[in-house]
Amino acid sequence: MDKTAASAAAAVADIRDGASIAVGGFGLSGVPNVLIDALFEAGASGLSVVSNNCGVDGGGLGVLLAARRIDRVTGSYVGENKEFARQYLAGELEVELIPQGTLAERLRAGGCGIPAFYTPAGVGTQVAEGGLPWRYAPGGSVALCSPPKEVREFGGAQYVLEYGIVTDYALVHAAKGDRHGNLLFAKSARNFNPLAAMAGRITVAEVEELVEPGVLDPDEVHLPGVFVQRVVALTARQAADKRIEKRTVRTVRTGSAETPAGS
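Numbering (UniProt numbering), first residue to last: 1 to 263.
Here it is in structure tokens:
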């Protein structure tokens, strides 16, 4: 039952070229950076990634993207990653953009063994009708577009059929975890990490604090260990390394001077 791995490198050592990987995180919150860095060092390429976004330039999944290790991204948001946008528009990267709530439910459905479900999100748009550019040709034309999806009526409303997502691996970040793989996520890191973890056939979790089984109250557990196969304990330094995607400050008056807030 002890699922702890000796290191991040050992935990991702069997991820091969062409693997599909669900990755947790929202923006830069709750991103499994240590596992991503270990995967970068391992050298796997041709990866298909499922994640809300693909990191930022030089951070998160952006590290793998810049090294041209990712061939396909399924996500909801290009975000602040200029290299992501450049590769997509240049025809170097295949991208399936889907509504954020649909992505969340597709991951959850895959983890629960639900093959498909109907949702109203996307009805009447290219999400349902097809034609969304998945890959551009070098000249700017569309080389591959999304196919049309089945639409059915329930109770007088239209719904589009979406398929559950199951990936070879999942990489997630948790605030606490025990040796059995039970995980607790902090704040917005709880958005996609539990769902990504559910979707992976082999799920690897990096945890800021590793505790013994029984320390976590059952009511604290956000994801049961049945979904987790490997646990990596972070060092104090790794756990404290939390990047800010966009820092905004305001000017406040202190007497006759103006200084940035927080100075």
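Here a beta-carbon is modelled for each residue, glycine too, at the ideal position from N, C-alpha and C.
- Runs of beta strand (DSSP E) with 3 or more residues, each lying fully within the region 43-83, are found at 47-50 and 70-75, listed in chain order.
- Boundaries of the beta strand (DSSP E) around residue 177: 167-178.
- About 13 Å separates the CB atoms of residue 125 and residue 162; that is not less than 8 Å, and the two are not in contact.
- In the DSSP secondary-structure assignment, residue 211 is bridged to 178.
- With a cutoff of 8 Å on beta-carbon distance, residue 176 and residue 223 are scored as not near each other.
- The shortest CA-to-CA distance from residue 118 to any of 142, 158, 208 and 97 is the one to 158.
- Between the beta-carbon of residue 135 and that of residue 83 there is about 16 Å, and that puts the pair past the 8 Å contact cut.
- Counting other Cβ atoms within 10 Å of its Cβ, residue 252 stays below 16 and is therefore classed as exposed.
- Under the 8 Å Cβ criterion, the region 58-72 counts as touching the region 28-41, having at least three qualifying pairs.
- A Cβ-Cβ contact shorter than 8 Å links residue 143 with residue 91.
- With a beta-carbon spacing of about 12 Å, residue 55 and residue 171 fall beyond the 8 Å limit used to define contacts.
- Membership of residue 127 in the alpha helix (DSSP H) is indicated by the continuous run 126-129.
- Spanning the alpha carbons of residue 77 and residue 2 requires a straight line of approximately 36 Å.
- Taking the CA atoms as reference points, residue 188 sits about 25 Å from residue 212.
- Going by DSSP, residue 254 is part of the beta strand (DSSP E) stretching over 251-254.
- Annotation: the continuous beta strand (DSSP E) that includes residue 22 extends over 20-23.
- Excluding its 5 nearest sequence neighbours in each direction, residue 87 has C-beta neighbours in its own chain below 6 Å: 93, listed in chain order.
- Separation of residue 152 and residue 98 (C-alpha to C-alpha, rounded to the nearest whole angstrom) is 19 Å.
- Using a Cβ-Cβ distance cut-off of 8 Å, the region 12-27 and the region 192-209 are in contact, since at least three pairs of beta carbons, one from each stretch, lie closer than that value.
- Assigned with DSSP and collapsed to three states, residue 141 falls in coil, not helix or strand.
- Residues of the same chain with a CB within less than 6 Å of the CB of residue 123, apart from the 5 flanking positions on each side, are 158 and 160 in chain order.
- Distance between residue 121 and residue 243, taken at the CA atoms: about 32 Å.
- Among the bridge pairs identified by DSSP, residue 226 is matched with none.
- In this structure, 214 is the residue among 114, 214, 8 and 200 with its C-alpha nearest to the C-alpha of residue 179.
- Exclusion of the five residues before and after residue 105 leaves 117, 119 and 162 as the residues of its chain whose Cβ lies within less than 8 Å of its Cβ.
- If you compare the alpha carbons of 186, 230, 241 and 236 with that of residue 8, the shortest gap goes to 230.
- Around the Cβ of residue 235, a 10 Å sphere holds fewer than 16 other Cβ atoms; the residue is exposed.
- Collapsing the DSSP output to three states places residue 202 in a strand.
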